[in-house]
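Protein chains in written order, with this note's numbering: chain A, 2 to 209; chain B, 2 to 209.
Just so you know, even glycine gets a beta-carbon here, dropped at the ideal spot from N, CA and C.
The structure appears right after this line, and notes come after that.
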DNA sequence: CCACCTCTGTAACATTTGTAACTGTATAAC
DNA sequence: GTTATACAGTTACAAATGTTACAGAGGTGG
């Protein structure tokens with residue numbers, strides 16, 4: 002673990018902080034599809050992503066779900082910081098998009114370091130800022146874009162996150178992430194295929 | 002100013018911090034309709050609202066606008082903190098919803114106090130958390146609600162912010178805030194009136 | 001190979017939202 | 001008063017999205 006930690010965070014954190022992190026934090030492996038945090042859960046520690054990617058979802062009272070954004074190597078979850086500092090329950094669900102590793106930092110340390118390490122403080126503020134920006138982007142998509150643009154954007158995001166031109170999801174899974182129905186997704190995908198932007202296959206899509 | 006400052010913030014900040022605030026910050030009066038911050042502006046200071054309310058808007062590339070949320074007494078603008086810390090330009094527009102007063106805190110002090118005063122740090126984190134929550138709510142509305150629900154919710158928000166059952170806006174103004182057209186708003190408002198939830202008048206609406 | 005299940009394609013239709021055009025009415029300006 | 005203007009009501013239609021239903025294609029396990 003020390004190695005991955007070093008590789009990911011040694012440009013951000015100073016030596017002393019890295020050492021403290023190694024001491025107090027627990028490592029956690031996750032596999033694609035794992036539910037890492039769920040709605041209403043109490044959060045006792047802050048995750049720092051070492052490898053892999055995680056998708057963050059919001060849920061409606063009755064059934065609906067919506068992808069908010071992805072987090073990756075070097076990111077943390079501002080939502081969990083919110084929960085920890087505010088002692089509230091999780092407002093979101095986090096599902097592993099790929100296999101990966103993260104380390105868990107106890108809340109107490111999170112607070113202690115805020116006073117002690119300027120680099121930690123910067124990191125925490127940066128995380129908040131990034132998350133606010135992502136949320137703004139999500140709002141823009143919802144408010145100003147039609148479903149076909151949102152879908153195309155989704156495919157590009159997925160491709161970037163997974164470092165692959167192939168998106169291995171069923172239409173139904175995509176529909177969940179965009180909070181719409183499978184038929185709508187199939188319809189738009191077919192249109193995109195006709196425009197020559199993608200190629201459709203069973204259970205996966207190629208970007209062209 | 003000292004009085005209003007005391008009244009609003011003396012339960013949050015300690016004596017020493019309140020004094021520092023009085024020393025370094027400038028007061029700023031605003032009138033309903035004033036543009037307080039606009040897209041792309043550089044932000045050189047953080048606002049703390051003393052009285053009144055401000056609405057925060059997001060703009061589309063081509064014309065569209067969307068109300069994100071309101072901020073009030075005791076709030077600050079997490080977006081401007083983001084800009085200050087990240088030295089970026091404003092992502093939002095802030096328009097005075099009512100007359101009011103705010104104080105402006107230089108960025109340098111904002112940073113200095115983060116190390117110096119725990120109460121300031123808490124305040125800043127709380128602001129971020131509140132804003133994240135508001136953004137989540139906005140996303141919920143956009144993703145999971147139809148226009149009639151969004152409109153009703155908008156009227157209730159407005160009523161709360163202005164402490165009045167009367168909403169003094171034209172249908173066109175409401176349409177801008179919800180990023181739709183005047184006809185749609187008129188149509189839904191008429192339906193709400195028929196259901197007995199509101200009473201329509203020229204240039205204002207009464208909640209029943 | 002057959003039975004079963006998942007995934008996709010498609011059609012027909014309903015609902016929601018957006019757009020254009022026109023009317024009447026209250027208010028302000030003259 | 002008359003005129004001009006902003007605001008609201010309404011209709012008719014278009015476009016986007018959601019829903020239901022069904023058929024075929026492809027994979028899996030017996």
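- By the CB criterion at 9 Å, residue 56 of chain B and residue 97 of chain B fall inside the cutoff.
- The DSSP-derived three-state label of residue 23 of chain A is helix.
- Residues 197, 198, 199 and 200 of the same chain have their beta carbon placed closer than 7 Å to that of residue 209 of chain B, with the five preceding and five following residues left out of the count.
- One Cα belongs to residue 171 of chain A, the other to residue 81 of chain A, and the distance between them is close to 30 Å.
- Minimum Cα-Cα distance from residue 43 of chain A among the listed residues A:131, A:62 and A:107 corresponds to A:107.
- Around the beta-carbon of residue 109 of chain A, fewer than 16 other beta-carbon atoms lie within 10 Å, marking it exposed.
- Runs of the alpha helix (DSSP H) lying entirely within the segment 64–121 of chain A, each at least 4 residues long, are 79–87 and 108–117 in chain order.
- Distance between residue 132 of chain A and residue 101 of chain B, taken at the CA atoms: about 30 Å.
- For residue 141 of chain A, the neighbours in chain B by C-beta distance under 8 Å run, in chain order, 59 and 61.
- The three-state reading of DSSP puts residue 128 of chain B in helix, counting H, G and I together.
- Residue 16 of chain A counts as exposed, since fewer than 16 other C-beta atoms from the protein chains shown sit within 10 angstroms of its C-beta.
- In the structure shown, the three-state DSSP call for residue 59 of chain A is strand.
- The beta carbons of residue 121 of chain A and residue 12 of chain A sit no closer together than 9 Å.
- Only those residues of the segment 141–168 of chain B whose C-beta falls short of 8 Å from the nearest C-beta of chain A are listed: 141, 143, 144 and 145.
- The Cβ atoms of residue 103 of chain A and residue 175 of chain A do not sit closer than 9 Å to each other.
- Interface with chain A (9 Å Cβ-Cβ cutoff): residue 69 of chain B is included.
- In the DSSP assignment, residue 46 of chain B falls outside any alpha helix (DSSP H) and within the unbroken beta strand (DSSP E) covering 46–52.
- The bridge partners DSSP lists for residue 205 of chain A are A:202.
- Non-local C-beta neighbours of residue 149 of chain A in its own chain, meaning closer than 6 Å and more than five positions away in sequence, comprise 189, ordered along the chain.
- Residue 62 of chain A sits exposed, since fewer than 16 C-beta atoms from the chains shown fall within 10 Å of its C-beta.
- The three-state secondary structure of residue 145 of chain A, taken from DSSP, is helix.
- At a C-beta separation below 7 Å, residue 129 of chain B has these neighbours in chain A: 129.
- Sequence-ordered contacts of the segment 112–129 of chain A with chain B read 115, 122, 126 and 129 [C-beta pairs closer than 7 Å].
- Judged by DSSP in its simplified three-state form, residue 123 of chain B adopts helix.
- Beyond the five residues adjoining it in sequence on each side, residue 157 of chain A comes within less than 8 Å, by CB distance, of 208 in the same chain, given in chain order.
- Comparing alpha carbon positions, the residue from A:66, A:46, A:41 and A:29 closest to residue 53 of chain A is A:29.
- When the beta-carbon positions are compared, residue 205 of chain B and residue 168 of chain B come within less than 9 Å of each other.
- Comparing alpha carbon positions, the residue from B:91, B:68, B:24 and B:76 closest to residue 40 of chain B is B:91.
- Just so you know, the alpha carbons of residue 137 of chain A and residue 33 of chain B end up roughly 25 Å apart.
- Taking all protein chains in view, the Cβ of residue 22 of chain B is crowded by 16 or more other Cβ atoms within 10 Å, so the residue is classified as buried.
- For the 9 Å CB-CB criterion, residue 193 of chain B and residue 153 of chain B form a contact.
- For residue 93 of chain A, the nearest CB of chain B lies under 9 Å from its own CB, placing it at the interface with that chain.
- For residue 176 of chain A, no CB of chain B lies under 9 Å from its own CB, so it is not counted at the interface with that chain.
- Per DSSP, the continuous beta strand (DSSP E) segment holding residue 37 of chain A begins and ends at 36–38.
- Scanning A:35, A:47 and A:31 for the CA closest to the CA of residue 124 of chain A turns up A:47.
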